[in-house]
Amino acid sequence: MLYQLSTGKTVELTFAQWASITDEDIEYLIATGHGEEIESPWRGSALERTEAPEKGLPELPDIPISEKLEEYVIED
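Just remember that this note's numbering sits 168 ahead of the position in the sequence shown, which is counted from 1.
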């Protein structure tokens with residue numbers, strides 16, 4: 169995901185990074201000049217791609233229904 173800083177520069181973050189970022193982290197990014205200025209609103213968009221998408225869907229493994237319905241317990 170793209171996150172625009174108050175300076176107008178944009179940094180790319182994963183969802184996990186975005187969910188855990190603090191105000192201090194954002195201040196650090198601004199103070200150190202991280203990010204880049206993006207002029208095109210379509211940056212990273214599928215519209216930029218010139219090659220055709222692959223045809224067909226990937227094969228999913230055959231998992232027995234008993235395994236799909238099995239409950240997994242995570243022990244601490």
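Beta carbons are placed, not taken as given, at the ideal position from N, Cα and C, and that holds for glycine.
Helix, strand or coil at residue i according to DSSP, with G and I counted as helix
{"i": "E195", "result": "helix"}
{"i": "E204", "result": "strand"}
Cα-Cα separation between residue i and residue j, rounded to whole angstroms
{"i": "G203", "j": "P232", "result": "47 Å"}
{"i": "S188", "j": "T200", "result": "19 Å"}
{"i": "Y196", "j": "T190", "result": "10 Å"}
{"i": "D193", "j": "L237", "result": "42 Å"}
{"i": "G176", "j": "Q185", "result": "19 Å"}
Rounded Cβ spacing between residue i and residue j (contact assumed at less than 8 Å)
{"i": "I198", "j": "S174", "result": "7 Å"}
{"i": "L170", "j": "T182", "result": "Going by Cβ atoms, the distance from L170 to T182 rounds to 11 Å, so no, they are not a contact pair."}
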